[in-house]
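For the protein sequence lines, the chains are B and P, in the order given. With our numbering applied, the first sequence covers 11 to 132. With our numbering applied, the second sequence covers 58 to 497. The beta-carbon is built from N, C-alpha and C at its ideal position, and this holds for glycine as well. Bear in mind the structure is a predicted one, so any value in this text is a computation, not a measurement.
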Amino acid sequence: MEDASIGMFIAVFEEIFGQGLFWGMVAVAVIVTLAYLYVLFRDRAVSWRKFLWAQLAMPFGAVGAVWIVLAVTKSHLRDMGGPVDAIVLLGVAVLGAIGLAILVYTVQSLVRGRQDDDVSLG
Amino acid sequence: MTDDITTSRRAFLAMAVAAGGASQIPVHAAQAQAAPVATSARIVILGAGAAGTALANRLRARLDGADITIVDPRVRHLYQPGFTLIAAGLRPANYSVSATADWLPRGVTWIEGGATTIDPEAQRVETTTGETLDYDYLILATGMELHYEGIAGMSRDLIGRDGIGSVYAGPEEAAATWALMDRFTDEGGEALFTRPATEMKCAGAPLKYTFLTDDYARRKGTRGRTHIRYAAHSGSLFGVPIVNEKVRMLYDRQEIDTVYNHVMTAIDPGRKIATFTTPEGDVEFPYDFTNIIPPMRAPQVVRDSGLAWQDGAFAADGWAEVDRHTLRHARYPTVFAVGDVAGVPKGKTAASVKWQVPVVEEHLVAQIAGETSDASYNGYTSCPLITRVGRAMLIEFDYDNNLVPSFPGLIAPLEELWVSWLIKEVALKATYNAMLRGRA
């Protein structure tokens, strides 16, 4: 078991979410990431208008992720007991913020296409 | 080996933290798998609990052609670490229940009966289903017996009535205990907690449940009219001195009235009085709510088998006489004991099973292949000691009472942390299930 830690990771995640949900979420994460890369390459530019909306979405992603984690674990902000708790919670918030920002940017790009204000990447 | 274990533990805890963040990191399985050893050995595993099931799955993958038989009458598999969450009203009773059959691998014969006799000289087991099993290798994974009758006046059918709870007895009893605790903390009164003087499963569990009762009383505003007494069986609250000191400080902070060297010997459900033996003679304590933790001992069939310790601390309750590092029987080298029944200090937890099973697997496979193994169990045990709903201390230690934290400097073992609670809440059952399948 000592040399199977990555396999163990996958096994445990499969147990937490169920095989179907876990691999479904992995697929969604991969698809959104690929779609994000696709629109960047397609447009060869970053749209600051879309990026603004993406940034505005970040606090909602952060709060949403923290709320989900606290709800699932039946705990509250008052249960934070030490620095590592704050670090983990901030990590959750950052992941939620970045995840939602990427999603919002990608969806805008796919729906609205390239816009005039896009700044060319070269 | 030690470094490898640390790495693996880290991986497990990192995973737990990542799981809490609900993040998905695509990773690729890179499971190194040695070629299976061809053999026609007859292996009998007594018990399909955590240890027996995990070992059956791992042996099935490592041995090609082995005749593996697992003997257990129980059709329900119980995730025992979940009992505390059930008894805290955080999970329903069925949280801990699954089907034994769902975890057993193909190619392993399951006999739905118990063992009636074990003859280690003849290498033979007889079962309640009338079968006679000759074995080349025997694994004792029977678990233990909760000996409620060891407390005068106590029996299982009293659980859930008249303020008598017992978290250990099973998922339904844990749920019944929650109903009593919920009602008790609505009203307040006299709460009495204790632990037996025998070896026991998860020595942190009685402490946790005391903390949880205190927490609920505080949340409901009834702590002021609630007296909580904890009667320790010895001169300490926990066998690991540094942990004992921490718990003592927390009990002081929570105003839990602690008495030492008190062993519960009788209970009178009618009068709601429990009797304790102490060095100064018997004393009686009243209760409105109590969590009975019965004396624990090896099952009758093991006690009668000649495989139990003949002398020393583990003899009286019949624990199997095995080497504490290899888990191989001291007198019968083709017999191993794993899990609760093993007569070793500490180690009666699912976390211990997770570290014991691969050691037994390595020694057994090596023995079958005509080789030797240096795999060694160091007594590792883990106890997420819940101090309230939302916080726990992730205590990990070994035979030598050393703390062996998985993330030294990051997740402090003696701090009450939300992260440690997160691990207990989200990742432990998943890790346990992966362990049952032989994948963790």
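**Study point:** Three-state secondary structure assigned by DSSP to residue 86 of chain P
**Key:** Position 29 of the second sequence, counted from the start, is the residue given in the question as residue 86 of chain P. With a pLDDT of 32 at residue 86 of chain P, under the threshold of 50, the modelled position of that residue is not reliable, and the figure given next carries that caveat. Residue state, collapsed to three classes: coil.
Exercise for review: Taking the CB atoms as reference points, tell me whether residue 146 of chain P and residue 239 of chain P lie closer together than 9 Å.
Suggested key: Here residue 146 of chain P refers to the residue found at position 89 when the second sequence is read from its first residue. Here residue 239 of chain P refers to the residue found at position 182 when the second sequence is read from its first residue. Yes, they are a contact pair.
Review point. Going by beta carbon distance, what residues of the same chain come within less than 6 Å of residue 104 of chain P, once the five residues before and after it are set aside?
Key: As a working note, residue 104 of chain P is residue 47 in the second sequence. So the list reads 129, 198, 199 and 200, once near-sequence residues are dropped.
Review point. Nearest to residue 102 of chain P by CA position, among P:114, P:189, P:195 and P:136, is which residue?
Key: In the second sequence, counting from the first residue as 1, residue 102 of chain P sits at position 45. Closest option to residue 102 of chain P, Cα to Cα, is P:195.
Check your understanding: Are residue 393 of chain P and residue 246 of chain P touching if we call contact CB-CB under 9 Å?
Key -> On the second sequence, position 336 is the one that residue 393 of chain P refers to. On the second sequence, position 189 is the one that residue 246 of chain P refers to. No; because the gap between Cβ atoms is not below 9 Å, this pair is not in contact.
Review point. Tell me which same chain residues have a C-beta within less than 6 Å of the C-beta of residue 342 of chain P, skipping the five on either side of it?
Key: Here residue 342 of chain P is taken as the residue at index 285 of the second sequence, counted from 1. The residues 249 and 331, in chain order, have a CB closer than 6 Å to that of residue 342 of chain P in the same chain once the five nearest residues on each side in sequence are set aside.
Review point. Residues in its own chain within less than 7 Å of residue 113 of chain B by CB, not counting five upstream and five downstream?
Key: Taking the first residue of the first sequence as position 1, residue 113 of chain B is located at position 103. Result list for residue 113 of chain B: 42, in chain order.
Check your understanding: What residues of chain P sit near residue 26 of chain B, judged by a beta carbon separation below 8 Å?
Key -> As a first step, residue 26 of chain B must be located in the first sequence, where it is residue number 16. Within 8 Å Cβ-Cβ: 76, 483, 484 and 487.
**Study point:** Neighbour flag for residue 30 of chain B against chain P, beta carbons, 9 Å
**Key:** In the first sequence, the residue the question calls residue 30 of chain B occupies position 20. The beta carbon of residue 30 of chain B does not come within 9 Å of any beta carbon belonging to chain P, so the residue lies off that interface.
Practice item. Using a Cβ-Cβ cut-off of less than 7 Å, list which residues of the segment 54–74 of chain B approach chain P; keep chain order. Key: Under the 7 Å Cβ criterion, the segment 54–74 of chain B contributes no residue.
Review point. In or out: residue 475 of chain P buried (at least 16 other Cβ within 10 Å) or exposed?
Key: The residue you call residue 475 of chain P lines up with position 418 of the second sequence. By the neighbour-count rule (16 or more Cβ atoms within 10 Å), residue 475 of chain P is buried.
Exercise for review: Have a look at residue 80 of chain P and residue 462 of chain P and give me their C-alpha separation to the nearest angstrom.
Suggested key: Sequence index remark: in the second sequence, residue 80 of chain P carries index 23 (1-based). Sequence index remark: in the second sequence, residue 462 of chain P carries index 405 (1-based). Only weak support exists for where residue 80 of chain P lies, its pLDDT of 33 falling under 50; the coordinates are left without a value.
Point to revise | Euclidean distance between Cα positions of residue 111 of chain P and residue 416 of chain P | key: For this step, residue 111 of chain P is matched to residue 54 along the second sequence. For this step, residue 416 of chain P is matched to residue 359 along the second sequence. So the alpha carbons of these two residues sit roughly 12 Å apart.
Check your understanding: Using a C-beta to C-beta distance shorter than 8 Å, which residues of chain P count as neighbours of residue 116 of chain B?
Key -> Along the first sequence, one-based indexing puts residue 116 of chain B at 106. What residue 116 of chain B touches in chain P: nothing, since even the nearest Cβ is about 16 Å away.
Check your understanding: With 9 Å set as the bound, which would you pick, yes or no: does the beta-carbon of residue 121 of chain B sit closer than that to a beta-carbon of chain P?
Key -> For the purposes of this step, residue 121 of chain B is taken as the residue at position 111 of the first sequence. Among the residues facing chain P, residue 121 of chain B is not included, as its CB has no counterpart in that chain under 9 Å away.
Check your understanding: Since residue 472 of chain P meets chain B, which of its residues come closer than 9 Å, beta carbon to beta carbon?
Key -> Indexing the second sequence from 1 puts residue 472 of chain P at position 415. The answer, in chain order, is 91, 92 and 94.
Review point. Count the other CB atoms within 10 Å of the CB of residue 524 of chain P; is the residue buried (16 or more) or exposed (fewer)?
Key: Nothing can be reported for residue 524 of chain P: it is not among the residues displayed for chain P, which extend from 58 to 497.
Check your understanding: Would you say the segment 433–445 of chain P touches the segment 379–395 of chain P, given that touching needs at least three Cβ pairs under 8 Å?
Key -> Contact between the segment 433–445 of chain P and the segment 379–395 of chain P is present, because at least three Cβ pairs lie under 8 Å.
Review point. By Cβ distance, which residues of its chain are closer than 6 Å to residue 261 of chain P, with the 5 residues on each side in sequence left out?
Key: Position 204 of the second sequence, counting from 1, holds the residue named residue 261 of chain P. Once the five neighbours on either side are set aside, the close Cβ partners of residue 261 of chain P are 440 and 442.
Point to revise | Rounded distance between the beta-carbons of residue 71 of chain B and residue 100 of chain B, thought under 8 Å | key: Here the question's residue 100 of chain B lines up with position 90 in the first sequence. Here the question's residue 71 of chain B lines up with position 61 in the first sequence. Contact doesn't hold; Cβ gap of about 13 Å is too wide.
Check your understanding: Near residue 258 of chain P, what residues of its chain come up, given a Cβ to Cβ distance below 8 Å and the 5 sequence neighbours on each side ignored?
Key -> Along the second sequence, read from residue 1 onward, the residue named residue 258 of chain P stands at position 201. Here residue 258 of chain P has 137, 201, 225, 353, 397, 405 and 406 as same chain residues with Cβ atoms under 8 Å from its own Cβ, once five neighbours each way along the sequence are excluded.
Practice item. Could you please tell me which residues of the segment 33–46 of chain B, in chain order, have their CB closer than 7 Å to any CB of chain P? Key: 35, 36, 39 and 40
Review point. Got a sec? Which residues, its chain only, sit under 6 Å from residue 100 of chain P by beta carbon, not counting five neighbours each side?
Key: Position 43 of the second sequence, counted from the first residue, corresponds to residue 100 of chain P. Closer than 6 Å at Cβ, skipping near neighbours: 123, 125 and 194.
Point to revise | Residues of the segment 443–455 of chain P whose Cβ lies closer than 7 Å to any Cβ of chain B, in chain order | key: 446, 447 and 448
Review point. Counting pairs of Cβ atoms below 8 Å between the segment 445–452 of chain P and the segment 474–491 of chain P, do you hit three or more?
Key: By the Cβ test, the segment 445–452 of chain P is in contact with the segment 474–491 of chain P, since at least three Cβ pairs between them sit closer than 8 Å.
**Study point:** Nearest-angstrom Cα separation, counted from residue 79 of chain B out to residue 76 of chain P
**Key:** The residue labelled residue 76 of chain P in the question sits at position 19 within the second sequence. The residue labelled residue 79 of chain B in the question sits at position 69 within the first sequence. Residue confidence is low: residue 76 of chain P scores 42 on pLDDT, short of 50, so the model does not pin down where it sits. No coordinate-derived value is stated.
Review point. Just to confirm, are residue 115 of chain B and residue 63 of chain B a CB contact at a threshold of 9 Å?
Key: Here the question's residue 115 of chain B lines up with position 105 in the first sequence. Here the question's residue 63 of chain B lines up with position 53 in the first sequence. A contact, by the Cβ cut-off of 9 Å.
Point to revise | residue 490 of chain P: contacting residues in chain B (beta-carbon distance under 7 Å) | key: Translated into positions along the second sequence, residue 490 of chain P becomes position 433. Chain B residues near residue 490 of chain P: 25.
Review point. So, does the CB of residue 468 of chain P fall closer than 9 Å to a CB anywhere in chain B?
Key: Your numbering for residue 468 of chain P matches position 411 in the second sequence. So yes, residue 468 of chain P belongs to the interface.
Review point. To the nearest angstrom, how far is it from the Cα of residue 119 of chain B to the Cα of residue 73 of chain B?
Key: Position 109 of the first sequence, counted from the start, is the residue given in the question as residue 119 of chain B. Position 63 of the first sequence, counted from the start, is the residue given in the question as residue 73 of chain B. Each residue's alpha carbon lies about 24 Å from the other.
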